[in-house]
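Please read the structure below before turning to the comments.
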Amino acid sequence: ARSLDIPWLLVHGTADEAVSIAEAEALSTVANQKLLDFLSIEDAGHTFGAAHPMPAESPPALERVVDATLAFLAAKLT
7 ARSLDIPWLL VHGTADEAVS IAEAEALSTV ANQKLLDFLS IEDAGHTFGA AHPMPAESPP
67 ALERVVDATL AFLAAKLT
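Per the numbering used here, the sequence shown runs over residues 7 to 84.
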């Protein structure tokens, strides 16, 4: 994280049962803040509510991830 010299998006759920939010926070503290977009999603787990089979409607946390990713890409790739 410290050596990245490109824009990057870090998205993590605060209720991730596989990887602690502390891991994402640790990455964010050493990253170049001018290049990092960090989004923590409150009460979201490791898959942001995605499951198999996927429900007809996407979970709200997953929608936030998709929206944030699309916005990040649109801003950084133009």
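Ideal placement from N, C-alpha and C gives every residue a C-beta, glycine not left out.
* To do: Excluding the 5 residues preceding and the 5 following PHE78 in the sequence, name in chain order all residues of the same chain whose CB lies nearer than 7 Å to its CB.
  => Around PHE78: LEU15, ASP43.
* N-terminal and C-terminal residue of the alpha helix (DSSP H) that PHE44 is part of -> Where PHE44 is concerned, there is no enclosing alpha helix (DSSP H), although the beta strand (DSSP E) it sits in stretches over 42-47.
* Classify HIS52 as buried or exposed, calling it buried when 16 or more other Cβ atoms lie within 10 Å of its own Cβ. => For HIS52, the number of other beta carbons within 10 angstroms of its own is below 16, and it is reported as exposed.
* So, helix, strand or coil for LEU5, using DSSP? -> It is not possible to answer for residue 5, since the shown part of the chain is limited to 7 through 84.
* To do: Determine the burial state of LEU68: buried for a count of at least 16 other Cβ atoms within 10 Å of its Cβ, exposed for fewer.
  => The residue is buried, with at least 16 neighbouring Cβ atoms inside 10 Å.
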